[in-house]
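Enquirer: Got a structure for you, written out below as structure tokens; questions coming shortly.
In the working numbering, the protein residues as written are 97 to 411.
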């Protein structure tokens with residue numbers, strides 16, 4: 097049973113198909129559109145025997161709700177916030193509230209899980225769920241241990257899995273990441289892995305049982321935006337779990353682009369916490385995620401070489 101939903105490409109109403117071709121161009125003729133998904137393709141099975149169906153566009157435009165569902169849990173906000181980089185806790189608290197986020201990552205190596213003050217206290221005070229993060233880990237063993245400690249301290253099976261290759265690029269180590277993901281899934285964790293924008297790695301992470309895949313837009317904290325949009329589109333097209341764009345976004349237009357490309361959510365921290373006005377940027381990011389999602393559901397018009405009048409000529 098599919099646990100989440102994503103929006104359709106707008107193909108127009110049924111009346112459009114009855115109009116003359118000289119008046120209304122066919123969207124299907126645009127070679128830049130991604131190929132349609134084969135709904136008859138056999139589902140994949142992961143190493144746990146679970147079935148993964150290819151995603152189809154099944155959200156009804158104008159529906160009362162358009163929630164994000166991960167591992168059976170419903171989130172109304174599609175913006176997931178990180179907590180690193182804020183100048184102080186007062187600013188962080190205000191930014192989190194302005195963003196409307198319901199899920200916030202916390203790096204376990206940088207907090208006191210048992211302390212009564214600090215980041216965890218700020219998050220808990222407002223009923224925001226904590227997503228422990230294995231940031232700073234370089235091997236599968238380190239990441240697994242950090243996740244296990246987080247489960248004991250915070251009483252959650254959810255974990256944002258990070259295993260980076262080095263401290264200069266902070267890029268994921270795909271080999272160690274896959275090892276850690278499989279071990280954590282086998283141990284009952286709900287794993288949300290920070291990964292590269294490689295569609296094959298994303299598929300492997302899904303196959304081992306990850307509840308979502310979180311490809312980067314660019315290196316962590318770089319603010320470069322989405323460097324390889326086509327790769328993200330390929331990940332989206334083949335995924336059977338939610339796709340969350342994670343890392344490298346710099347401003348609201350980057351978040352909107354991620355959603356327009358078909359991502360189900362956006363996770364960011366530095367773009368808000370290191371902005372000149374973090375609270376204002378948090379509001380902008382929330383609006384951008386919502387606008388990008390609406391644009392994805394509405395369906396953009398095809399790109400054309402020549403102009404086309406908005407009022408078509410008589411046929």
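For glycine and all other residues, C-beta sits at the position ideal for the given N, C-alpha and C. Just so it is clear, the structure is predicted and the values come from calculations on it, not from any experiment.
What does residue 178 pair with, by DSSP beta-bridge criteria?
Expert: DSSP output for residue 178 lists 201 as bridge partner(s).
Enquirer: Which one of 352, 203, 366, 293 has the shortest CA to CA distance from residue 318?
Expert: Among 352, 203, 366, 293, the Cα nearest to that of residue 318 belongs to 366.
Enquirer: Consult DSSP for residue 100 and reduce its assignment to one of helix, strand or coil.
Expert: Low per-residue confidence applies at residue 100: pLDDT is 47, beneath 50, and the placement is therefore not dependable enough to give any value.
Enquirer: By DSSP's criteria, residue 169 is part of a beta bridge. Which residues make up the other side?
Expert: Beta-bridge pairing links residue 169 to 166.
Enquirer: How would you write the range of the alpha helix (DSSP H) that residue 266 sits in, first residue to last?
Expert: First-last for residue 266: undefined, no H or E at that position.
Enquirer: Should residue 256 go down as buried or exposed, given a rule of 16 or more other Cβ atoms within 10 Å for buried?
Expert: It is buried - the Cβ of residue 256 has at least 16 other Cβ atoms within 10 Å.
Enquirer: Look at the alpha carbon of residue 374 and the alpha carbon of residue 270, and state the distance between them as a whole number of angstroms.
Expert: Near 32 Å, if we compare the C-alpha coordinates of residue 270 and residue 374.
Enquirer: Where do the ends of the beta strand (DSSP E) carrying residue 345 lie?
Expert: Run containing residue 345: none; DSSP gives neither H nor E here.
Enquirer: If you run the structure through DSSP and keep just helix, strand and coil, what is residue 374?
Expert: The answer is helix: DSSP assigns residue 374 an H, G or I state.
Enquirer: To which residues of the same chain is residue 171 closer than 7 Å at the C-beta, ignoring the five residues directly before and after it?
Expert: 163, 164, 198, 199.
Enquirer: Only counting runs of 4 or more residues, tell me where the alpha helix (DSSP H) segments fall wholly within the stretch 269-294, in order along the chain.
Expert: Those alpha helix (DSSP H) runs which fall completely within the stretch 269-294 and span 4+ residues are 270-282.
Enquirer: Does the contact criterion of 3 or more C-beta pairs under 8 Å hold for the stretch 319-333 versus the stretch 177-190?
Expert: Contact between the stretch 319-333 and the stretch 177-190 is absent, because fewer than three Cβ pairs lie under 8 Å.
Enquirer: Taking residue 395 as the reference, which of 233, 358, 385, 246 has the closest Cα?
Expert: Answer by Cα proximity: 358.
Enquirer: What residues are listed by DSSP as bridge partners for residue 57?
Expert: Outside the shown range of the chain (97 to 411) lies residue 57, about which nothing can therefore be said.
Enquirer: Write down the C-beta distance between residue 381 and residue 348 rounded to the nearest angstrom, noting that I regard them as a contact closer than 8 Å.
Expert: Indeed they touch by this definition, with Cβ atoms about 6 Å apart.
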